[in-house]
Amino acid sequence: MHPKPLLQLAAQLVQRVLKLDQPADALVSAFFRDHRELGSRERHALAETTYALLRRRLLWQHLAQSGSGPMERRLVLLAWAGEPRVLEAGTEVHERDWLAARRQIDLDSLAPKLRHNLPDWIADALHKQLPPEEFERLATSLLEGAPLDLRVNTLKAKRDAVLAELQEFGVQPTPYSPWGIRLQGKPSLSQWPLFKDGSIEVQDEGSQLLALLLDAKRGEMVADFCAGAGGKTLALGAAMRNTGRLYAFDISGHRLDNLRPRLARSGLSNVYPIQIAHERDERIKRLSGKLDRVLVDAPCSGLGTLRRNPDMKWRQSPQAVAELVPRQLAILQSAARLLKPGGRLVYATCSLLEAENEGVAAAFEAQNPGFAKLDAADLLAGQVPRASELVHNGQLRLWPHRHHCDGFFAAAWQRT
Ligand SMILES: C[S@@+](CC[C@H](N)C(=O)[O-])C[C@H]1O[C@@H](n2cnc3c(N)ncnc32)[C@H](O)[C@@H]1O
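In the UniProt record's numbering, the protein residues as written are 1 to 416.
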């Protein structure tokens with residue numbers, strides 16, 4: 001496609017995404033479905049530009065205040081992440097001059113907010129948890145793209161063998177999860193034989209560590225209470241060596257539907273996906289006191305995944321978080337009832353916010369003296385190298401700038 005119409009399409013996409021009323025990834029996919037004329041390199045350029053814009057939205061909007069023409073076009077020119085020749089060939093002279101002048105601006109001279117590109121309420125919450133220098137490192141890491149992590153399905157393959165087979169992609173073992181492989185590029189996996197035969201799945205290392213913390217064993221009765229599309233379910237099912245019973249509960253039938261093809265590839269037959277109406281559903285009550293392990297991967301603000309989903313920082317709000325917290329606690333309370341004495345409960349989120357993490361865990365502990373806190377470092381020791389690096393006050397606390405995975409929190413208890 002000629003650079004001029006390509007830049008026009010980019011501006012249309014950006015205008016749609018910046019309404020911030022739907023997840024960016026869904027809007028980008030829908031846009032590509034509507035514009036089948038776009039080739040793969042053009043799609044890549046449009047998607048990367050959209051994400052670059054969302055990552056540094058405050059900076060680009062500040063720089064785009066001057067200039068002329070539609071705001072979306074100026075934003076696209078500033079954040080353009082496709083081939084530079086498109087900007088050369090697709091813009092007017094005055095636009096190129098304007099862009100060159102913007103590029104002369106010393107970004108270090110701008111207000112910290114324009115460097116961090118975080119809404120105040122998120123920056124304030126993170127400042128409370130981290131010393132200033134660490135906040136800077138976190139903010140910088142949240143502006144970067146994430147690598148692609150894979151989990152080797154140990155039912156079907158060994159990590160060393162997969163690493164050897166994928167050598168040409170510059171793969172590395174993940175530093176903590178014994179099942180993980182990290183890729184730096186973004187190859188399209190769907191046609192890879194290892195993907196099609198279920199030997200590998202896409203899963204962030206942090207998410208793998210949550211499954212390791214639950215440590216589900218052969219023959220046990222286990223529930224993944226908020227299973228969604230089953231990222232953790234699949235890891236748990238493989239850890240159970242395809243034995244026992246693993247319930248995958250979720251209120252979203254659509255998400256559980258997305259689990260089905262993944263389950264088929266995985267070769268697991270110990271998983272029982274069940275759509276529930278809510279966390280006090282009758283089907284849950286019938287299992288009270290019967291399970292060995294329960295994972296609650298609670299619905300959350302998702303702010304630990306900003307490297308992948310930078311739109312979340314603009315689409316979340318303090319009000320939304322305030323509404324999430326009681327829901328998280330209610331789900332955790334109901335899920336806890338499933339456990340038999342001696343059983344293990346893990347509460348997890350992919351949020352960085354204390355309110356959704358330590359706050360919910362503390363409220364649960366205050367109301368449930370029958371659950372004894374377990375130290376995550378002890379639970380991971382023997383499974384994960386340097387487990388103590390991942391743990392703060394006995395709880396798993398994964399940070400993108402420290403551990404190079406998504407931000408995750410997890411607390412574990414034993415029913416006494
Ligand atoms: C963080 S996502 C789960 C991601 C999933 N565990 C994975 O690894 O791919 C949270 C899930 O909780 C589900 N959910 C929300 N409210 C729920 C409830 N009351 N009971 C069970 N699941 C719920 C949502 O539909 C969503 O799929």
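Ideal placement from N, C-alpha and C gives every residue a C-beta, glycine not left out. In this text, all values refer to a predicted model and were calculated from it rather than measured experimentally.
Segment limits, beta strand (DSSP E) that includes residue i
i	result
Gly90	Where Gly90 is concerned, there is no enclosing beta strand (DSSP E), although the alpha helix (DSSP H) it sits in stretches over Pro84 to Gly90.
Ala348	Leu339 to Thr349
Arg397	Gln395 to Leu398
Trp413	Phe408 to Arg415
Arg293	Leu291 to Asp297
Residue i CB to nearest heavy atom of ligand 1 below 7 Å
i	result
Cys405	no
His278	yes
Ala227	yes
Ile274	no
Gly343	no
Phe249	yes
Pro299	yes
His122	In the sequence on display, residue 122 carries Ile and not His. No; taking the cut-off as 7 Å, the Cβ of Ile122 has no heavy atom of ligand 1 nearer than that.
Lys232	yes
Ser317	no
Arg308	no
Ile331	yes
Ser351	no
Arg255	yes
Ser40	no
Ser190	no
Ser207	yes
Ser252	yes
Top-ranked residue by Cα proximity to residue i, from the options
i	options	result
Leu148	Ser207, Leu118 and Glu133	Ser207
Gln167	Gln184, Pro175 and Lys156	Gln184
Val239	Arg151, Phe409 and Glu323	Per the sequence shown, residue 239 should be read as Ala rather than Val. If we check each option's Cα against that of Ala239, Arg151 comes out closest.
Asn258	Asn309, Thr243, Gln275 and Gly82	Gln275
Gln319	Leu246, Lys340 and Ile122	Ile122
Arg386	Val321, Leu209 and Pro299	Leu209
Pro369	Pro341, Val391 and His392	Pro341
Asp160	Pro131, Pro132, Ile200 and Ser141	Ile200
residue 441	Arg137, Thr140, Phe195 and Pro178	Summary: the structure shown does not reach residue 441, with the chain confined to residues 1 through 416, and so no result is reported for it.
Gln104	Val296, Leu63 and Ser68	Leu63
Arg415	Ser68, Glu279, Gln333 and Gln383	Gln333
Asp21	Asp297, Gln395, Gln316 and Arg36	Gln316
Leu58	Arg218, Arg260, Arg115 and Leu291	Arg115
Gly407	Gly394, Trp413 and Leu390	Leu390
Leu75	Val294, Leu379, Ala216 and Trp60	Trp60
Trp314	Asn117, Val202, Leu107 and Gly39	Asn117
Leu268	Leu6, Thr243 and Leu291	Thr243
Gly343	Leu126, Glu220 and Met312	Glu220
Ala227	Leu246, Lys217, Val321 and Phe371	Leu246
Gly39	Glu72, Met1 and Leu7	Met1
Glu83	Ser68, His44 and Leu107	His44
Leu345	Glu279, Glu354, Asp224 and Leu353	Asp224
Ala335	Arg308, Glu323 and Phe371	Phe371
Trp179	Asn153, Trp192, Ser351 and Lys186	Asn153
Simplified DSSP assignment, three categories, for residue i
i	result
Phe249	strand
Gly180	strand
Glu220	coil
Glu201	strand
Val152	strand
Leu166	coil
Ile276	coil
Leu13	helix
Asp311	coil
Val271	strand
Pro23	coil
Gln172	strand
His392	strand
Gly228	coil
Gly302	coil
Ser266	helix
Leu352	coil
Ala81	coil
Asp108	helix
Glu37	coil
Pro193	helix
Residue i, enclosing alpha helix (DSSP H) - first and last residue
i	result
Lys373	Segment Phe371 to Leu374 is the beta strand (DSSP E) holding Lys373; no alpha helix (DSSP H) there.
Gln61	Arg57 to Leu63
Trp98	Val93 to Arg103
His127	Asp120 to Gln129
Arg283	Glu282 to Lys285
Arg327	Pro318 to Ala336
Met240	Neither: Met240 is in no alpha helix (DSSP H) and is coded neither H nor E.
Gly359	Glu358 to Gln367
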